[in-house]
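Count along the sequence shown from 1, add 558, and you get the number used in my numbering. Glycine included, every Cβ here is placed at the ideal spot set by N, Cα and C. A quick note: this is a predicted structure, and the numbers were derived from the prediction, not measured.
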Amino acid sequence: MTLYLISRLLLLQLGSLALGVNSLSPLGNGKINLRHLQDRAAGGCDALSTALPDHVYWPNSSQYLNQSQDVWSQTCVMTPQCVFEPSTVSALSQGLKIIREAGTKFAFRAGGHMPVPGAQSLNDGVMISASMFNTNNLSADGSIASIGPGQTWMEVYQWLAPYGLAVNGGRFPSVGVGGLLVGGGMGYFSGSQGWAVDNIVGWQVVLWNGTVLEVTNSAQDPHADLAWGLKGGSNLFGLVTRFDVRTFPATSAFGGLTIWSGEAGSDVLSSLTSYMTPGGGVDDPNVHIDVFSGISFNNSVPTLSYYNIALYPGGQAGPTALENFTAIPADMTLSNGVAVHESWTAIPQQLDSFSTRALRNLFYAISFEATAESISLYNQTIIENAVSMLSNVEGLSTYAVYQPVSKKYLQASKDKGSNVLGLDPDVDGTFIAGIILSMWKNAEDDATVLEFSRTSAQQIRQKTEALGLYNKFIYLGDSAQGQSPFESYANGKNLQKLNAIRSRYDPDSFLENYLHRGFQLA
């Protein structure tokens, strides 16, 4: 350690003593001013640069700009003091020790897809990029894919497709591996496979003190509690650098993206109602759909459209589970169409146009049981509120997204063991995990869009509660700032267990106090 680094750390420690806090006290809680936060960030970056110069990037460098700005929502672009991009687990371990010693706030970015400010970057701290953790390995028998968190799902799918294999991951090509695989994961194959986390059999994790653990899903593993916590517990317990995931055969598939004009809305929602009815398409574990309505404005004049993303594995054209949707004349399908595709990966590839990172984005999660009445009121509430609250927001598109979660989906999850999300097929049954999704252009409209989302979700909750159709489940991957997904899991019954796991693996509360994340435990 250089003399400069030693003197820098001594100054940081003296600053902590002068303010009456220790090196592990939380920052940003009113006890430490902004200047001290900046000094700690500068000290942490200086220390990282001295010890690991090939892994640290400073403002205005091309790599800093690439990593700090390559997040899915412009609301999440921040100005870290430096970007730390380790290429090995040992470098990450060493860097995390340095960050801890310097008392620096930090964030961990995988794909950067969660549109919650502070979830993957921060101001006045270290942004750790997982971009270099992008290697893939397939076991000799092809049953386990070991994948790095710093890549997109499209990259993983295209790697596995020549083997005739797939894993259950993200649906949009730009979704990152790391965030989805610690948050739960809705996928094209969830009807038969459960949540994406349910197929993970092993993790490589770097803990708060730099210790690297190899954790398995075995009940005999000494870290079986951590394995459970990593199946939906986000990055509460450590930074995951590798996931070992079960594969399954996947080759051709029927499906694609269909777009209808607003006039088809009643037919689309009626088809969704039939699909969600017991005995409808939702009971076929092989089928996947995502229905959504969208509203945009041109000179404050609204335009309404309806969409469906469908996938059914195999070479069958127009399967019965999708017949209500395929019967509606489409106004538009993408260039490679709704058809049988030689490779199922053609279907997520169609969604590339929705993967722009040039706009501001917001998700807001709301869940409910699906009936004709709840489906209609969900759609109507979002459309009416968008017209009254968002018509002057430049570049706006807002979507009411319907994500079916079936009883068979939850049973497949339960059959593979429990996870943090805590949904029970016999209690929760079949329901819609909805997203109020908005995209817009300018920062001055951020508060307006958030207020629209909150207002709409509150009204939908009140209306579905009155009908006995509200579901408390708030999926972390689709949540907005101010929502509390962990408190919704198993109606809050998992909080005590999660706190116990965190106490064991983060005993000094370093990650709790210093790691920026989308959502706190409680």
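For residue 705, the closest C-alpha among the options 798, 751, 640 is that of 798.
By the neighbour-count criterion, in which 16 or more other beta carbons inside 10 Å mark a residue as buried, residue 858 falls on the exposed side. Less than 8 Å separates the beta-carbon of residue 657 from that of residue 664. Check the Cα spacing between residue 1072 and each of 756, 998, 678: the tightest is with 678. Beta-bridge partners assigned by DSSP to residue 897: 813. Under DSSP, residue 960 forms a beta bridge with 849. Taking a contact to require three or more Cβ pairs closer than 8 Å, the segment 1042-1054 and the segment 972-983 qualify as touching. Sorting 988, 948, 956, 946 by C-alpha distance to the C-alpha of residue 966 places 988 at the top. Beta-carbon to beta-carbon, residue 635 and residue 622 are separated by about 12 Å, too far to satisfy the 8 Å threshold. In the DSSP assignment, residue 1034 falls outside any beta strand (DSSP E), carrying neither H nor E.
The Cβ atoms of residue 803 and residue 757 sit closer than 8 Å to each other.
Approximately 46 Å separates the beta-carbon atoms of residue 813 and residue 652; this is outside 8 Å, ruling out the contact. For residue 912, the closest alpha carbon among the candidates 931, 995, 882 is that of 995. In the DSSP assignment, residue 863 falls outside any alpha helix (DSSP H) and within the unbroken beta strand (DSSP E) covering 859-871.
Taking all protein chains shown into account, residue 612 has fewer than 16 neighbouring C-beta atoms within 10 Å of its C-beta and is therefore exposed.
For residue 627, the enclosing alpha helix (DSSP H) has its first and last residue at 620-627. Excluding sequence positions up to five before and after residue 596, its CB lies within less than 6 Å of the CB of 682, all in the same chain and listed in chain order. Cβ-Cβ separation between residue 851 and residue 862: approximately 7 Å, consistent with a contact (criterion under 8 Å). For residue 935, same chain residues with a beta-carbon under 8 Å away, outside a window of 5 residues either side, are 1018, 1021, 1022 in chain order. The beta carbon of residue 919 sits closer than 6 Å to those of 631, 673, 997, all from its chain and outside the five residues before and after it, given in chain order. DSSP places residue 927 outside both helix and strand once states are collapsed to three, so it counts as coil. When the Cα atoms are used, residue 1024 and residue 1012 turn out to be separated by approximately 18 Å. Rounded to the nearest angstrom, the gap between the Cα atoms of residue 761 and residue 770 is 10 Å. In the DSSP assignment, residue 907 falls within the alpha helix (DSSP H) that extends over 904-907. Counting only residues of its own chain and dropping the five nearest sequence neighbours on each side, residue 834 has a CB closer than 6 Å to the CB of 840, 928.
DSSP places residue 753 in no beta strand (DSSP E); its state is neither H nor E. The three-state reading of DSSP puts residue 718 in helix, counting H, G and I together. Under DSSP, residue 807 shares a beta bridge with 723. Distance from residue 787 to residue 1059 at the Cβ level is roughly 4 Å; contact confirmed, criterion being Cβ atoms closer than 8 Å.
Annotated three-state conformation of residue 922 is coil, per DSSP. Residue 908 counts as buried, since no fewer than 16 other beta carbons sit within 10 angstroms of its beta carbon. Residue pairing by DSSP places residue 772 opposite 762 in a beta bridge. DSSP, read as helix, strand or coil, puts residue 1006 in helix. For residue 1068, the uninterrupted alpha helix (DSSP H) run begins and ends at 1068-1072, by DSSP. Within its own chain, the residues whose Cβ lies closer than 7 Å to the Cβ of residue 1075, once the five positions on either side in sequence are excluded, are 677, 792, 793, listed in chain order. For residue 701, there is no enclosing beta strand (DSSP E), as DSSP gives it neither H nor E.
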